[in-house]
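Taken in order, these protein sequences are the chains called A and B.
First residue of the first sequence: 2, per our numbering; consecutive thereafter.
First residue of the second sequence: 2, per our numbering; consecutive thereafter.
For reference, the structure discussed in these notes is given below.
Number of protein chains: 2
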Amino acid sequence: MLTLDFTNCLATHVGSHGLDPALLAPGSEAHEAVAAHTKRLAGSRGTGWERWRELPFEPMRSQHVGAVKKIVEQCRGRFDTMVVLGIGGSALGNIALQSALNPPTWNLIESGKRGGPRLFVVDNVDPAYFASVLDFCQAAPGGLSKTLFNVVSKSGETAETAAQFMVIRDLLSKALGKDYAKNIVAVTDPAKGTMRQICEREGFTTLPVPDGVGGRFSVLSPVGLFSAAMCGIDIDALLTGAADMDKACSNPDLHQNPAAMLATLLVELGTSKGKTNHVLMPYSNALYLLADWYRQLWAESLGKEHDLQGNRVNAGFTPIKALGTTDQHSQVQLYREGPNDKVIGLIEVESFERDVTIPTGLGVEAIGYLEGRSMSFLLNAEKRATEYALLESQRPNFTLKFPKVDAYHVGQFINLWQIATAYAGLLLNVDAYDQPAVELGKQATFGLMGRKGYEKHLTSVDRALGGDRHVIGP
Amino acid sequence: MLTLDFTNCLATHVGSHGLDPALLAPGSEAHEAVAAHTKRLAGSRGTGWERWRELPFEPMRSQHVGAVKKIVEQCRGRFDTMVVLGIGGSALGNIALQSALNPPTWNLIESGKRGGPRLFVVDNVDPAYFASVLDFCQAAPGGLSKTLFNVVSKSGETAETAAQFMVIRDLLSKALGKDYAKNIVAVTDPAKGTMRQICEREGFTTLPVPDGVGGRFSVLSPVGLFSAAMCGIDIDALLTGAADMDKACSNPDLHQNPAAMLATLLVELGTSKGKTNHVLMPYSNALYLLADWYRQLWAESLGKEHDLQGNRVNAGFTPIKALGTTDQHSQVQLYREGPNDKVIGLIEVESFERDVTIPTGLGVEAIGYLEGRSMSFLLNAEKRATEYALLESQRPNFTLKFPKVDAYHVGQFINLWQIATAYAGLLLNVDAYDQPAVELGKQATFGLMGRKGYEKHLTSVDRALGGDRHVIGP
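Here it is as structure tokens:
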């Protein structure tokens, strides 16, 4: 199991910047709140927007894993490259799983020696970036016929993914003719919507985005599972890890429930101690992009103007990703001496699958202390040194420890944060499942793109951004 | 030239969350301060820690470019892969230049068709990551003999880089024998220090880290130029862009000087309006990692406990990188509805080298508005829509516009932020060139690694992190 050490969030260790342990003790308001919220979550899990909570359990689990593996089997040997077209919750989980569980050189390894296709997750409409990826797919041996495109969009109306899809559909059908549909797998609404219509018309293979599973809670559904399984990731272990973490996080005792404790610490430090920036800093390159996935979950779920009663609260915290040791040489100066407005979550890996010994024999005194040590020993010494240095500056921090980086523990990590987010929503009294502020930008985009019915948005944009501008430059 | 549009930072556009334009007008305190600081910077440039300012100018420019190009010429055709070993300022610039100016698929392109070697910049001591890169280098055709290692460390005593160096020196010398030194180019102190000693003993080719150029201001020195030139980047254009930006940023008139204006806006909004989180959000994948380079510059230069008179101020701002449109689906909900504690810097690219047309012919009404448009049009419409949406929520923001992404404009961008940082240091009255808070962690690491003379630090760490810990988990 992952462990959570939150000692350095307490006033005993960081003075007035930390929480009084009495605040968390049995009988305290926070302790009672967690018990009540746990009961509430046990009652609502699997319903409404909390359907994601059941993804690691039967019957959804077997349905999804079965459907995913069937398609993976059909694709085996047919594709050298896989391109995921999606954005936000339809991409961040895919990127994080690949980065956490396959080597960073995955795409460079020869086709026969990898456990699956090369993987690109194109989560933007940057034309230079997209064109480079398409160039590569076309120039690689076998070209587009050996490329699988995985379109991930519940509605099919997300502008970025729709645009990408239209481009690759055209390219594929020109290159492969009528059979082009065999190079597309769509993950979309099982029953309705624009992408579902297209899939039925064109005959694409599909996997479901289950009802009641919002984008940022969808990584353990076919949204995240399909590309992971294609690339040889053990999705069974991933889901087992998530399920085991769910059990730990169903405990009504704050001191036994890591998700409830994470949520309580971060919400309390954020609202009563001004620690509104929440850094996640893995001491592991593989885990770095999980912090990107966390960024969406934490920002979009909790960053809300109104509480559930409609009061204006401007709730939320700013999630920040950092990387140890790298950011010791970039951010730690600020973290120690700048405004004390952060909680820093350190992630430690106890045992690395691969280690590197620093050889003896250079014989230079100033760096002789490194000789014969392992690189993981150095990495973890630096983590411990940073923890100590943060403590000396009274900067609240906690440590999440992975026994090792594998699918089982990554599944735990994902569900730990998902469940912590559910608790944090309740503690902040906001809707963790909507994203109302995203709408205006979408409508303005429609207006600017000339979509019928959105003319008034174009007018509003032009009015707001028009007039005399203050510009320096030619 | 890059342009800076700061209209949306003003109270006329974001109400009380913005700055009163009178505050910036000729004769205002801010306007006079910039005039005085410009004079001060003109007097001190090229001396002390402000020597970086002269990197794009003669005589340093020709010295560095000449030395770099000579070595690039010697290396031509000899190496398929280049591995930079460095961390912080010895890596972030290298990564940013490569990402900005070469395609994302660079390492996947066949050797003959690239304009230089594959590039890895290994800025961590994660053993799994490092081992994967070394595996790749060893397994590639030609193996280590075709791999160039570029060690970047002024002193040679940075633990991470020293450890990496010791590993590759051992591997290379075992694989290549006495000739192994030909596969190493070190960028280090030209006269003294541990790495200099090693270079002389072992006969490595070297390039200088010039005196008075701190790590985070070193990208335009051989630290950043060598790997860039090896990978075919036009370092002359890069430096010309930097030099041209220097000229624009030497103007004592706040309203003509983009660096002074950026610094003034961010410092004023940060200190008087509570906007302490400074987001940089390029609408361009290529420019995304320049935001990582900016993170170090802005955090480490300004995040200071004490001002120049020794008063405790805990100055500084938290730099945050984001990516448009991608983070519209992750962070914009928070940026619009969460705490109004940010200034959001949007980066727009006017013209992309490559564009992609969204084809006609799908014939699905809901997404028909995309047909026939270019992807760059969509990307920039989304940028404009986000700017509008932020404005509607009274969130201060500004736009930096690149006419296009090339070495010349990237050079401008780099120097714009470097000079803005120098101004911001003066405005905040802090030393922008030191990083005192990094020391304690280094010493604690030495203690934990068993380095002689650091035993008391080990004791301190063990005492601080020992005792009863509050841990959830087995």
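Backbone N, C-alpha and C fix where the C-beta goes; we use that ideal spot for every residue, glycine too.
Residue from the options with nearest C-alpha to residue i
i              : options                           : result
P211 (chain B) : B:A421, B:G47 and B:D21           : B:G47
K443 (chain A) : B:K405, B:C10, B:S222 and B:Y389  : B:Y389
A218 (chain A) : A:P437, A:D180, A:W50 and A:L428  : Correcting the residue type first, residue 218 (chain A) is Phe in the shown sequence and not Ala. Cα-wise, what sits closest to F218 (chain A) is A:W50.
Q257 (chain A) : B:N9, B:G474 and B:A12            : B:G474
T39 (chain B)  : B:R296, B:T327, B:P259 and B:E201 : B:P259
E269 (chain A) : A:P22, A:H14, A:V85 and A:L5      : A:P22
Y295 (chain A) : A:S285, A:A36, A:V280 and A:L102  : A:V280
P223 (chain B) : B:C200, B:E203, B:H18 and B:K71   : B:K71
K183 (chain A) : A:F121, A:N430 and A:L173         : A:L173
Near the ligand HEM: residue i beta-carbon under 7 Å from a heavy atom
i              : result
D328 (chain A) : This structure lacks the ligand HEM; in fact it carries no ligand of any kind.
Interface residues of chain A facing residue i [CB-CB closer than 9 Å]
i              : result
V168 (chain B) : V357, T358, I359, P360 and M376
V186 (chain B) : Chain A residues near V186 (chain B): none, gap ~18 Å exceeds 9 Å.
P340 (chain B) : T277, G304, N315, A316, G317, F318 and T319
Any C-beta of chain B under 8 Å from that of residue i
i              : result
E393 (chain A) : yes
P128 (chain A) : yes
S331 (chain A) : yes
N108 (chain A) : yes
K305 (chain A) : yes
H256 (chain A) : yes
I345 (chain A) : no
E351 (chain A) : no
G442 (chain A) : yes
A438 (chain A) : yes
V152 (chain A) : no
Reduced DSSP category for residue i - H, G, I as helix; E, B as strand; rest coil
i              : result
P22 (chain A)  : helix
N108 (chain A) : helix
L429 (chain A) : helix
M2 (chain A)   : coil
I88 (chain B)  : coil
P209 (chain B) : strand
A141 (chain B) : coil
S564 (chain B) : Here chain B comprises residues numbered 2 to 475, so residue 564 (chain B) is not present and cannot be evaluated.
A187 (chain A) : strand
N286 (chain A) : helix
P128 (chain A) : helix
P476 (chain B) : This structure cannot settle anything about residue 476 (chain B), because the visible part of chain B is limited to 2 through 475.
F80 (chain A)  : coil
I473 (chain B) : strand
T148 (chain B) : strand
is_contact[residue i, chain E] using C-beta, thresh 8 Å
i              : result
D171 (chain A) : The chain labelled as chain E is not found among the protein chains of the depicted structure, namely A and B.
Interface residues of chain B facing residue i [CB-CB closer than 7 Å]
i            : result
M2 (chain A) : G474 and P475
Within chain B, partners of residue i - CB distance below 8 Å
i              : result
V224 (chain A) : Correct list: empty, because the minimum Cβ distance to chain B is about 13 Å.
V134 (chain A) : P105 and T106
N278 (chain A) : N278 and T319
F131 (chain A) : V357 and M376
Beta-carbon neighbours of residue i, restricted to chain A and to distances below 7 Å
i              : result
S285 (chain B) : D127
R77 (chain B)  : Within chain A, no residue comes near R77 (chain B); the closest Cβ sits about 23 Å away, beyond 7 Å.
Q334 (chain B) : A300, E301, G304, Q436, A438 and V439
Residues that residue i contacts on chain A, provided the C-beta gap is smaller than 8 Å
i              : result
A160 (chain B) : I368, L371, L379 and E383
Contact with chain A by residue i, beta-carbon distance below 8 Å
i              : result
G89 (chain B)  : yes
G143 (chain B) : no
A425 (chain B) : no
T265 (chain B) : no
D6 (chain B)   : yes
P259 (chain B) : yes
Y409 (chain B) : no
H471 (chain B) : yes
G450 (chain B) : The displayed chain sequence assigns Met, not Gly, to residue 450 (chain B). For M450 (chain B), the answer is yes, since a Cβ of chain A falls inside 8 Å of its Cβ.
Per the contact definition of three or more C-beta pairs closer than 8 Å, is the stretch 351-365 of chain A in contact with the stretch 394-410 of chain A? The answer is yes - the stretch 351-365 of chain A touches the stretch 394-410 of chain A, with three or more Cβ pairs under 8 Å.
If we count Cβ pairs, one from each stretch, closer than 8 Å, do we get three or more for the stretch 287-303 of chain A versus the stretch 320-339 of chain B? Contact check between the stretch 287-303 of chain A and the stretch 320-339 of chain B: three or more CB pairs, one atom from each, fall below 8 Å, which counts as touching.
Do the stretch 100-119 of chain B and the stretch 339-347 of chain A meet, that is, are 3 or more Cβ pairs less than 8 Å apart? Cβ pair count under 8 Å is below three, so no.
The stretch 146-153 of chain A in contact with the stretch 171-187 of chain A per 3-pair CB rule at 8 Å: Between the stretch 146-153 of chain A and the stretch 171-187 of chain A, the count of C-beta pairs closer than 8 Å reaches three or more; the two stretches touch.
Stretch-stretch touch, CB-based, cutoff 8 Å, three pairs: the stretch 309-316 of chain B with the stretch 360-372 of chain B: The stretch 309-316 of chain B, when compared against the stretch 360-372 of chain B, does not touch it at the 8 Å Cβ threshold.
Contact the stretch 276-293 of chain A vs the stretch 74-90 of chain A: 3+ CB pairs below 8 Å: The stretch 276-293 of chain A, when compared against the stretch 74-90 of chain A, does not touch it at the 8 Å Cβ threshold.
Can we say the stretch 367-382 of chain A touches the stretch 447-465 of chain B, given the rule of at least three CB pairs closer than 8 Å? Short answer: they touch.
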